[in-house]
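For the sequence shown, the working numbering assigns the number 1 to the initial residue and increments by one for each residue that follows.
Quick notes on the structure that follows.
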Amino acid sequence: MQKIDEQRDFSKGTVKLSQGVVTFHEIGVGPTIVFVHGLLLNGSIWRRTIEMLATRYRCIVPELPFGGHHIPMDSTADLSPEGSARLVADFLEILDLSDVTLVGNDFGGVVTMATAARFGERVSRVVLGNCDALEVFPAKGFEFFSWLPRVPGAFWVLAKIMYHFSFVRNGPTSFGAFLKHPLPNEETRAWVEPLARLLGVRHDAGKMMLGMDKELTMRLPSELKRSLIPTLLVWGSEDHLFTLDLAHRLKAAIGPQTSLVEVRDAKAFVMLDAPEAFADAVDQFLREHRPWAV
């Protein structure tokens, strides 16, 4: 696909939800795609893919309270996976978005499935990159997410180490496990800066980690199946965290409304390792599942 003019930029907006303030970036005109990022990340992970899709679609990227956000949520906000799905649904509602294609990756894939299955009035299509699913939640090697926030000071120490030491941040026990092709240090450092600097951000991310529950990810595929929402899986084939076997089992669990595109030379962050392939797969899927030509 052709990229947008590099001189164009994203517009920025802010909405006030019951959970707190959410900022978002938007670019493009056409059918609406909303992108859901993963844990300890922000919407910048989608930029390379959006640069190709924005020539044909309206692309909206909220900065969700998953640990890479800059504005902490209200202290009473439910930021469990189910609560985060409610937040995404509220975001779609306050912007009056309808017939949305919801795209998620990593932890954002769980939130995307839950939003579509449980609050799906405004969601017409789902796209999942490599993500937690079925019995894989969290990914192998990252089980400490489920207890880290309970240990006083541990999350703060981890955040500071990740922020100051690139060999940790980009190593095989952190973002390096999700990427086939390394990113510039400043890009991954920006992901964890809010986590290192803001106590409220760590509290928000901690709520999410403590809410991780395999029972949820085991139930969601059947719930999504009952919704009959067309679903596309775009899966990096070299991922050892969310394997191709997991993708095939997820496809079978969601059912016949699901298709799978395997992307070579890519791991879990498939939209960063292979942005053009990811964008092409999304574009083709939308062309096949739109009531109009795009």
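Backbone N, C-alpha and C define an ideal beta-carbon position, used for all residues, glycine too.
Going by DSSP, what residues sit across from residue i in a beta bridge?
{"i": "Lys-160", "result": "Bridge partners of Lys-160: none, in fact."}
{"i": "Phe-66", "result": "Its beta-bridge partners do not exist; DSSP assigns none."}
{"i": "Ala-133", "result": "Val-136"}
{"i": "Val-34", "result": "Ile-60, Leu-102"}
{"i": "His-25", "result": "Lys-12, Val-61"}
{"i": "Leu-195", "result": "For Leu-195, which the question treats as bridged, DSSP gives no partner whatsoever."}
{"i": "Trp-235", "result": "Glu-262"}
{"i": "Leu-17", "result": "Gly-20"}
{"i": "Arg-125", "result": "Thr-101"}
Go ahead and label residue i buried or exposed: buried means 16 or more other beta carbons lie within 10 angstroms of its beta carbon, across all protein chains shown.
{"i": "Thr-217", "result": "buried"}
{"i": "His-25", "result": "buried"}
{"i": "Thr-173", "result": "exposed"}
{"i": "Ala-266", "result": "buried"}
{"i": "Gly-20", "result": "buried"}
{"i": "Gly-69", "result": "Position check: residue 69 holds His in this sequence, whereas Gly was assumed. Per the 10 Å Cβ criterion, buried."}
{"i": "Lys-140", "result": "exposed"}
{"i": "Phe-242", "result": "buried"}
{"i": "Ser-124", "result": "buried"}
{"i": "Ser-75", "result": "exposed"}
{"i": "Asn-42", "result": "buried"}
{"i": "Ala-252", "result": "exposed"}
{"i": "Pro-138", "result": "buried"}
{"i": "Gly-109", "result": "buried"}
{"i": "Leu-92", "result": "buried"}
{"i": "Phe-165", "result": "exposed"}
{"i": "Leu-199", "result": "exposed"}
How many whole angstroms separate the CB atoms of residue i and residue j, which I take to be in contact at a CB cut-off of 8 Å?
{"i": "Thr-112", "j": "Leu-95", "result": "The pair is not a contact, with the Cβ atoms about 17 Å apart (cut-off 8 Å)."}
{"i": "Val-22", "j": "Pro-72", "result": "Going by Cβ atoms, the distance from Val-22 to Pro-72 rounds to 11 Å, so no, they are not a contact pair."}
{"i": "Val-88", "j": "Val-36", "result": "6 Å"}
{"i": "Phe-299", "j": "Leu-179", "result": "Absent from the model: residue 299. The displayed extent of the chain is 1 to 294, so no value can be given."}
{"i": "Leu-40", "j": "Ala-205", "result": "7 Å"}
{"i": "Leu-246", "j": "Leu-134", "result": "7 Å"}
{"i": "Ser-202", "j": "Phe-155", "result": "Reading off the sequence shown, one finds Arg at residue 202, where the question assumed Ser. Confirmed, about 5 Å."}
Can you find the residues in the same chain that come closer than 7 Å, C-beta to C-beta, to residue i, ignoring five residues on each side of it along the sequence?
{"i": "Met-209", "result": "Phe-145, Ser-146, Leu-148, Pro-149"}
{"i": "Ala-85", "result": "Val-111, Ala-114, Thr-115, Arg-118, Phe-119"}
{"i": "Glu-193", "result": "Tyr-163"}
{"i": "Arg-290", "result": "Pro-31"}
{"i": "Phe-175", "result": "Arg-169, Thr-188"}
{"i": "Lys-207", "result": "Leu-79, Ser-80"}
{"i": "Leu-250", "result": "Ala-133, Leu-134, Pro-221, Leu-233"}
Once you ignore the five residues that flank residue i on each side, which residues in its own chain have a CB closer than 6 Å to its CB?
{"i": "Gly-32", "result": "Per the sequence presented here, residue 32 reads as Thr, with Gly not at that position. Arg-58, Leu-97, Val-100."}
{"i": "Leu-232", "result": "Val-127, Ser-259, Phe-285"}
{"i": "Val-29", "result": "Arg-58"}
{"i": "Val-34", "result": "Ile-60, Val-100, Leu-102"}
{"i": "Ile-161", "result": "Val-168"}
The ligand ADP and residue i: does any heavy atom of the ligand fall closer than 7 Å to the residue's C-beta?
{"i": "Leu-183", "result": "In terms of ligand content, the structure shown is empty, and the ligand ADP therefore cannot be addressed."}
Going by beta carbon distance, what residues of the same chain come within less than 8 Å of residue i, once the five residues before and after it are set aside?
{"i": "Asn-105", "result": "Val-36, His-37, Gly-38, Ile-45, Leu-128, Gly-129, Asn-130, Cys-131, Ala-268, Phe-269, Val-270, Met-271"}
{"i": "Arg-122", "result": "Ala-89, Leu-92, Glu-93, Leu-97, Ser-98, Asp-99, Val-100"}
Compare the C-beta of residue i with all C-beta atoms of chain D and state if any pair is closer than 8 Å.
{"i": "Val-127", "result": "Reference to chain D is not applicable here, since this structure consists of a single protein chain."}
Would the region 48-62 count as touching the region 73-80 if we require 3 or more Cβ pairs under 8 Å? no
Is it a yes or a no for the region 228-246 touching the region 261-277, going by three-plus beta-carbon pairs under 8 Å? yes
Report yes or no: do three or more beta-carbon pairs, one from the region 181-189 and one from the region 101-108, lie closer than 8 Å? no
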